[in-house]
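Which chain is which? The protein sequence lines are A and B, in order. Once you know that position 151 of the first sequence is 151 in our numbering, the rest is easy, because the numbers rise by one and skip nothing. Once you know that position 57 of the second sequence is 1057 in our numbering, the rest is easy, because the numbers rise by one and skip nothing.
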Amino acid sequence: MDDDVELLEMLKTYMEREGFEVTFTSDAEAGVTAALSDAFKLVVLDVMMPRMNGLEALTRIRLQSRIPVLMLTGKGDDADRIAGLELGADDYVPKPCSPRELVARVRAILRRTEPAEEIDAESATIESGSLKLFRRQRRAEWAGKQLDLTSTEFNLLDALARNAGRPVSKNELSEYALGRPLARFDRSIDVHVSSIRRKLGTLPDGRSWIQTVVRHGYQLIEE
Amino acid sequence: MGRLFWKFFFFFMLAQVTTAVGVSAAIWLRNRSAHTPDNPVPVLVHARLLDATAALSERSGEPALRELLLDWSRKPGPTVYAVDADGREILGRSVPNGAGENARAPFEHASPHSSRRVVLADGRAYVLSVDGWSSGASFGQGGPGGRGGPGPLLFPLAPIVGGMLASLAVAALLAWYVAKPIRSLRHAFHAAGQGNLDVRIGDGMGRRRDELADLGRDFDRTAAQLKLLMDGQRRLLHDVSHELRSPLTRLQAAVGLARQQPSNVEASMDRIERESMRMDKLLDELLALSRAEAGLGVGREENIDLVELVHDVVRDARFEADARSSSVAFATDVGELETVTIMGNHEMLHRALENVVRNAVRHTPSGTRVHVAGTHDAARREIQFTVTDEGPGVAATELGSIFEPFYRGGQAKGTLGHGLGLAIARRVVEAHGGSIRASNRATGGLAVEIRLPV
């Protein structure tokens, strides 16, 4: 979804050559409907279209769907980027970007959202305290209740749960959940972790289940 | 205590010391002249006084003399003493040195000025003498026996210390009164220097009404104006970076396509060329906008025939209109032989009017007509051009913002241009002292009205 039709045409040509099936629209309404139609695996959304509010479209998609969303943000528009990640976008690409970069980012997200075939029976379910991860179904439960996680959030929680009780560095988290090394000044992981924290609730003493390990990363508390 | 305080203090001290020295010098000089024996005025007065006393006592006897001297000794004025042959004063007062000498010596040869020898009716002899300017018995320090000649000038320690303390207090008060607003001004300037233009002095001045309070208000106004300007610039910069981003992204996509499909390089090249031309045009318009904002450039003013200029603009716009099978009409009430001129920048004014007319051509549906009307109002010394189209018009709430940089109408999708044209037009018209406004026509379409003083 973008308001620059010429760009969309070029990107469609490029991505079709790379083996993707692409549909584009420059109308937010049609875009949201299409994103919710189950016909697509991933949405690329320009959040700073002057004439339609990309963030609003994202909110409406997230209300009903966990479909992976890759945001196109303006370079230097940190506020938009953080807002988008908080609203549940999986990752972002700053504009202007080369189509190669965009395709790489799309592939990285798709790779990590498709249930991995090689998960064997004993690692298919992970339990840590109240947390239960069903890795084949990419589903998580907290104290018996279904958690509503985006796929990036699921990946992050997966990485933390497999290492429960041990700190995991932000770079590892980024590699695992976003499929890319952490860029400098990149706050994506922190934003994702803070939305997971909101969904998990707090320990009886008010601390979060996910502890910050200063200058390193995060750690899931083991009961 | 700041430096200002000490400066006030020292100036106060200086003023006080100068005043003190001046006043004491004047008093000292005056006193000295009053005491000088050869100063003719007091000496003559004294002589007359002695004459009168002598005459009275010779005639009326000792009781009268005693009564007179007693009376005088209670009042301020010269003191007259009467000393008999045994050296006793008639009222039992002690006779001061100067007067005493005068009083005793003249038993042999009384000086005609400062003493008299009288012999009363009962045969007793007195020497009358007079002494300076006594403040009278009841007048404190002087007393009978006042000062013979200038007294010693003591160093006046108490008054000086008192004066210093007083001036310290007043200096502190004044320094506080002046320094407080200056300090808050300083803080405000400091904050502004750090880039915080939200700082205001306003209430810090209280209900003061003076130059310092005016200065504070001026500061507030300046800061507000600067903030407005800076915010405008920041927004413009943000918009520019956004506007450059789109062609750059398309450029990158075109390069990516060329890499991906080497067989189709030619199409990508065309695209790259088009995008770079768009960026070039954007830069060109940005420069025009910044030039219009900076006041058009000095020394490029010339006399411009406005009607001729609009004719040129309309002729150029007709090419574009033809391509869209619409047309442009120009009508004016300015006669053939009449010229309406304005002093200004020809290139910029041409650009401004061209932007408005072309904008109308772009928005009028094909087959319709754009009207340009020129009306000369000689009485008000202005000319008005109205450019009307038959397009969709602009939402009433957005009529004001179409002259903002990078504004593009809600309906206008993928239009050419960057939304700078009308912004440039407004800046240029305003720089020429004119005004520009837009309104929706009752019959549909937009009317842009430009007024220029001639």
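We put the beta carbon where it would ideally sit given N, CA and C, even for glycine.
Discussion item. Taking the alpha-carbon of serine 1241 of chain B as reference, which of A:Val44, A:Thr23, A:Lys75 has the nearest alpha-carbon?
Written reply: Working through the second sequence from its first residue, we reach residue 1241 of chain B at position 241. Of all alpha-carbon atoms in A:Val44, A:Thr23, A:Lys75, the one lying nearest the alpha-carbon of serine 1241 of chain B is that of A:Lys75.
Worksheet item: Looking at the C-beta of glutamine 1194 of chain B, does it have a partner C-beta in chain A at a distance below 8 Å?
Response: Here residue 1194 of chain B is taken as the residue at index 194 of the second sequence, counted from 1. No, glutamine 1194 of chain B lies away from the interface with chain A (no Cβ there is under 8 Å from its Cβ).
Worksheet item: CB-CB under 7 Å to glycine 1444 of chain B, same chain, minus the five flanking residues each way: which ones, in chain order?
Response: For this step, residue 1444 of chain B is matched to residue 444 along the second sequence. Here the set comprises Glu1390, Gly1393.
Worksheet item: So, leucine 58 of chain A versus glycine 19 of chain A, is the Cβ gap smaller than 8 Å?
Response: Walking along the first sequence from the start, residue 58 of chain A turns up at place 58. Walking along the first sequence from the start, residue 19 of chain A turns up at place 19. Against a cut-off of 8 Å, the Cβ pair of glycine 19 of chain A and leucine 58 of chain A comes out as no contact.
Worksheet item: Considering only C-alpha positions, which residue in the set A:Met10, A:Leu173, A:Leu55, A:Thr23 is nearest to phenylalanine 40 of chain A?
Response: To locate residue 40 of chain A, count along the first sequence from 1; it is residue 40. Selected option, being the one with the closest Cα: A:Thr23.
Worksheet item: At a CB-CB cut-off below 7 Å, which residues of chain A make contact with alanine 1253 of chain B?
Response: Here residue 1253 of chain B corresponds to residue number 253 of the second sequence, with the count starting at 1. By Cβ distance, chain A contributes Leu7, Met10, Leu11, Tyr14, Pro99.
Item to complete: Show which residues of chain A have a CB atom less than 7 Å away from the CB atom of histidine 1242 of chain B.
Response: Position 242 of the second sequence, counted from the first residue, corresponds to residue 1242 of chain B. Correct list: Gly74.
Worksheet item: CA-CA distance, leucine 1168 of chain B and valine 1178 of chain B?
Response: Locating residue 1168 of chain B in the second sequence gives position 168, counting from the first residue. Locating residue 1178 of chain B in the second sequence gives position 178, counting from the first residue. Roughly 15 Å between the two C-alpha positions.
Worksheet item: When we look at the beta-carbon of tryptophan 1072 of chain B and count the other beta-carbons within 10 Å, is it buried (16 or more) or exposed?
Response: Counting from 1 along the second sequence, the entry for residue 1072 of chain B is found at position 72. With 16 or more Cβ atoms within 10 Å of its Cβ, tryptophan 1072 of chain B is classed as buried.
Fill in: Within chain A, the residues that threonine 1249 of chain B reaches when beta carbons sit closer than 8 Å
As a first step, residue 1249 of chain B must be located in the second sequence, where it is residue number 249. At a beta-carbon threshold of 8 Å, the residues of chain A lying near threonine 1249 of chain B are Asp4, Leu7, Lys95, Pro96, Cys97, ordered along the chain.
Worksheet item: chain B partners of arginine 81 of chain A, CB-CB under 7 Å?
Response: Counted from its first residue, the first sequence places residue 81 of chain A at position 81. Simply none; closest approach about 14 Å.
Discussion item. Closer than 7 Å to a non-hydrogen atom of the ligand NAD - does that hold for the CB of leucine 45 of chain A?
Written reply: For the structure depicted, the ligand NAD is absent and the ligand set is empty, with no information on it obtainable.
Worksheet item: Which same chain residues, not among the five before or five after leucine 1197 of chain B, have their C-beta less than 6 Å away from its C-beta?
Response: As a working mapping, residue 1197 of chain B is identified with position 197 in the second sequence. Cβ neighbours of leucine 1197 of chain B beyond the five flanking positions: Ala1223, Leu1226, Lys1227.
Worksheet item: Helix, strand or coil for arginine 215 of chain A per DSSP?
Response: Taking the first sequence and counting its residues from 1, the one referred to as residue 215 of chain A is at position 215. Note: arginine 215 of chain A maps to coil in three-state DSSP.
Worksheet item: Considering only the beta carbon of each residue, do leucine 1157 of chain B and leucine 1185 of chain B sit closer than 8 Å?
Response: In the second sequence, residue 1157 of chain B corresponds to position 157, counting from 1. In the second sequence, residue 1185 of chain B corresponds to position 185, counting from 1. No.
Practice prompt. Check the C-beta distance from leucine 11 of chain A over to proline 94 of chain A and give it rounded, since I have them as a contact under 8 Å.
Written response: Stepping through the first sequence from its first residue, residue 11 of chain A is reached at position 11. Stepping through the first sequence from its first residue, residue 94 of chain A is reached at position 94. Contact flag wrong, Cβ pair sits at about 15 Å.
Discussion item. Checking the sheet assignment: what are the DSSP bridge partners for glycine 210 of chain A?
Written reply: Stepping through the first sequence from its first residue, residue 210 of chain A is reached at position 210. Sequence check: residue 210 of chain A is isoleucine here, not glycine. The partner list for isoleucine 210 of chain A (beta bridge, DSSP) reads A:Leu220.
Discussion item. Does proline 181 of chain A come out as helix, strand or coil in the three-state DSSP assignment?
Written reply: Indexing the first sequence from 1 puts residue 181 of chain A at position 181. In the structure shown, proline 181 of chain A falls within a coil segment according to DSSP collapsed to helix, strand and coil.
Practice prompt. Run down chain A in chain order and give the residues with a C-beta less than 8 Å from the C-beta of leucine 1257 of chain B.
Written response: For the purposes of this step, residue 1257 of chain B is taken as residue 257 along the second sequence, with counting starting at 1. Here the neighbours are Met10, Thr13, Tyr14, Pro99.
Practice prompt. Could you please give the first and the last residue of the uninterrupted beta strand (DSSP E) stretch that includes valine 1328 of chain B?
Written response: As a position in the second sequence, residue 1328 of chain B is number 328, starting the count at 1. Note, valine 1328 of chain B: beta strand (DSSP E), 1327-1332.
Worksheet item: Is the shortest distance between the beta-carbon of serine 1276 of chain B and the beta-carbons of chain A less than 8 Å?
Response: For the purposes of this step, residue 1276 of chain B is taken as residue 276 along the second sequence, with counting starting at 1. No, because no Cβ of chain A sits closer than 8 Å to the Cβ of serine 1276 of chain B.
Worksheet item: Roughly how far, in whole angstroms, is the beta-carbon of leucine 149 of chain A from the beta-carbon of leucine 42 of chain A, given that I think they are within contact range, below 8 Å?
Response: In the first sequence, the residue the question calls residue 149 of chain A occupies position 149. In the first sequence, the residue the question calls residue 42 of chain A occupies position 42. At roughly 16 Å, the Cβ-Cβ gap does not stay under 8 Å, so leucine 149 of chain A and leucine 42 of chain A are not in contact.
Practice prompt. Check the Cβ of glutamine 1260 of chain B against every Cβ in chain A and list those closer than 7 Å, keeping chain order.
Written response: By 1-based counting over the second sequence, the position of residue 1260 of chain B is 260. Ordered by position in chain A, the residues that pass the 7 Å Cβ test against glutamine 1260 of chain B are Tyr14, Arg17.
Fill in: Presumed contact (8 Å Cβ cut-off) between valine 1130 of chain B and proline 1078 of chain B, rounded CB distance
Translated into the one-based positions of the second sequence, residue 1130 of chain B becomes position 130. Translated into the one-based positions of the second sequence, residue 1078 of chain B becomes position 78. Confirmed, Cβ separation roughly 5 Å.
Fill in: Unbroken beta strand (DSSP E) run spanning phenylalanine 134 of chain A, endpoints
In the first sequence, counting from the first residue as 1, residue 134 of chain A sits at position 134. Here the beta strand (DSSP E) through phenylalanine 134 of chain A covers 131-134.
Practice prompt. Return the first residue and the last residue of the beta strand (DSSP E) that asparagine 53 of chain A is part of.
Written response: Against the first sequence, residue 53 of chain A aligns to sequence position 53. According to the DSSP assignment, asparagine 53 of chain A belongs to no beta strand (DSSP E), since it is labelled neither H nor E.
Discussion item. Using the Cβ count rule (16 or more neighbours within 10 Å means buried), how would you classify leucine 1014 of chain B?
Written reply: To locate residue 1014 of chain B, count along the second sequence from 1; it is residue 14. Classification of leucine 1014 of chain B: exposed, given that the 10 Å Cβ count is below 16.
Discussion item. Tell me which residue opens and which closes the beta strand (DSSP E) that proline 1181 of chain B is part of.
Written reply: Here residue 1181 of chain B is taken as the residue at index 181 of the second sequence, counted from 1. First-last for proline 1181 of chain B: 1157-1193, but that is the alpha helix (DSSP H), not the beta strand (DSSP E).
Practice prompt. Drop a sphere of 10 angstroms on the beta-carbon of threonine 202 of chain A, count the other beta-carbons inside from all chains shown, and report buried for 16 or more, exposed for fewer.
Written response: Start at 1 with the first residue of the first sequence, and residue 202 of chain A comes out as number 202. Threonine 202 of chain A comes out exposed.
Item to complete: Have a look at leucine 87 of chain A and arginine 197 of chain A and give me their C-alpha separation to the nearest angstrom.
Response: In the first sequence, counting from the first residue as 1, residue 87 of chain A sits at position 87. In the first sequence, counting from the first residue as 1, residue 197 of chain A sits at position 197. The alpha-carbon atoms of leucine 87 of chain A and arginine 197 of chain A are separated by roughly 14 Å.
Worksheet item: Below 8 Å between beta carbons: does that hold for leucine 70 of chain A and serine 128 of chain A?
Response: For the purposes of this step, residue 70 of chain A is taken as the residue at position 70 of the first sequence. For the purposes of this step, residue 128 of chain A is taken as the residue at position 128 of the first sequence. Cβ atoms of leucine 70 of chain A and serine 128 of chain A: not closer than 8 Å.
Discussion item. Alpha carbons only, please: which of A:Arg187, A:Tyr218, A:Arg207, A:Met15 is nearest the one belonging to aspartate 81 of chain A?
Written reply: If you number the first sequence from 1, residue 81 of chain A lands on position 81. Note on residue identity: the sequence assigns arginine, not aspartate, to residue 81 of chain A. Measuring from the Cα of arginine 81 of chain A, the nearest candidate turns out to be A:Arg187.
Item to complete: Give the secondary structure of leucine 70 of chain A by DSSP, where H, G and I count as helix, E and B as strand, and everything else as coil.
Response: Taking the first residue of the first sequence as 1, we reach residue 70 of chain A at position 70. Strand at leucine 70 of chain A.
Worksheet item: At a CB-CB cut-off below 8 Å, which residues of chain A make contact with arginine 1245 of chain B?
Response: Counting from 1 along the second sequence, the entry for residue 1245 of chain B is found at position 245. Per Cβ cutoff of 8 Å: Gly74, Lys75, Lys95, Pro96.
Worksheet item: isoleucine 82 of chain A by DSSP, collapsed to three states: which one?
Response: Here the question's residue 82 of chain A lines up with position 82 in the first sequence. Helix, per DSSP.
Discussion item. Considering only the alpha carbon of each residue, which of A:Asp77, A:Leu156, A:Gln146, A:Gly144 lies closest to phenylalanine 185 of chain A?
Written reply: Position 185 of the first sequence, counted from the start, is the residue given in the question as residue 185 of chain A. The residue with the shortest Cα to Cα distance from phenylalanine 185 of chain A is A:Asp77.
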